[in-house]
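Numbering (the working numbering), first residue to last: 2 to 243. Structure record follows, encoded as structure tokens.
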Ligand SMILES: NC(=O)c1ccc[n+]([C@@H]2O[C@H](COP(=O)([O-])OP(=O)(O)OC[C@H]3O[C@@H](n4cnc5c(N)ncnc54)[C@H](OP(=O)(O)O)[C@@H]3O)[C@@H](O)[C@H]2O)c1
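Have a look at this one:
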């Protein structure tokens, strides 16, 4: 039986095990999917040696970048983004991929309806890099908002109503608002939002974060990260079986 799994720390809250286990049952696939809680990413090498049945892994926080030196290869997207969320395993050799890119693109394109609005990307971590890659590839101009002046184009104190007016697309790639910290949202002048704005949250748990709720209250269009989550998981499955 082929084995798949997720590495990260912590992993217990993960959606992936349920998603793949249900998929295997539904589609009659003889495989299993396990969670591997690795506080230290370097334990990956021993995990691969111990489990020759492993065909593929998903990678989550905090290992999406730390895993890079442990891989024998990287596909072009993962190399450009500089982060890996999927590993394929062939004859003990590990290749890194980034399906957050495909997942985000699959979610974004239908929402844009052919338009190319200026965007603000909140946060500068691994998911932000995948989002930036997609925005660049679609020709969308954007600015990164970070708590740290050196990691982004703007800090939150510089995001005023005028910045929001010129950026109708706002994408939250921070974990703010994610369960259990559901009462927090990125610091923005929400009163400046209008029905012309589209707010996208990569967080999907809860389905409506405070960020999206504050947008809805101003009439903005909103979308959570569920569609991206499903699309990135299916993209990983296609890679493992290609
Ligand atoms: N829907 C999906 O399929 C999907 C896929 C990937 C990720 N996600 C979600 O996206 C979120 C980010 O994931 P990630 O892998 O990019 O994590 P990450 O690498 O840790 O990056 C998160 C970024 O958010 C910002 N941030 C962190 N704590 C913050 C705080 N207290 N206040 C303000 N900003 C803060 C930081 O940017 P600055 O230091 O620049 O402020 C940080 O780099 C997670 O909630 C994850 O579950 C969803």
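The beta-carbon is built from N, C-alpha and C at its ideal position, and this holds for glycine as well.
- When only Cα atoms are considered, residue 50 and residue 2 end up about 17 Å apart.
- By the beta-carbon neighbour count (other beta carbons within 10 angstroms, threshold 16), residue 233 is buried.
- DSSP places residue 43 in no beta strand (DSSP E); its state is neither H nor E.
- Note: residue 143 is bridge-paired with 120 in the DSSP secondary-structure output.
- Contact annotation, residue 71 with residue 42: C-beta distance approximately 7 Å; criterion of less than 8 Å satisfied.
- The beta carbon of residue 211 lies closer than 6 Å to those of 178, 186 in the same chain, with the five residues before and after it left out.
- Within 6 Å of the C-beta of residue 204 there is at least one heavy atom belonging to ligand 1.
- Fewer than three Cβ pairs drawn from the stretch 95 to 112 and the stretch 156 to 169 lie within less than 8 Å of each other, which leaves the two stretches out of contact.
- Sorting 88, 93, 238, 209 by C-alpha distance to the C-alpha of residue 227 places 209 at the top.
- The straight-line gap separating the alpha-carbon atoms of residue 190 and residue 166 is approximately 11 Å.
- Taken from the Cβ of residue 233, at least one heavy atom of ligand 1 lies inside 6 Å.
- Taking the Cβ of residue 2 as the reference point, every heavy atom of ligand 1 lies at 6 Å or farther away.
- Residue 68 is positioned such that its CB atom lies closer than 7 Å to that of residue 85.
- Annotation: residue 99 is outside any alpha helix (DSSP H) and is labelled neither H nor E by DSSP.
- As a beta-bridge residue in DSSP terms, residue 9 pairs with 38.
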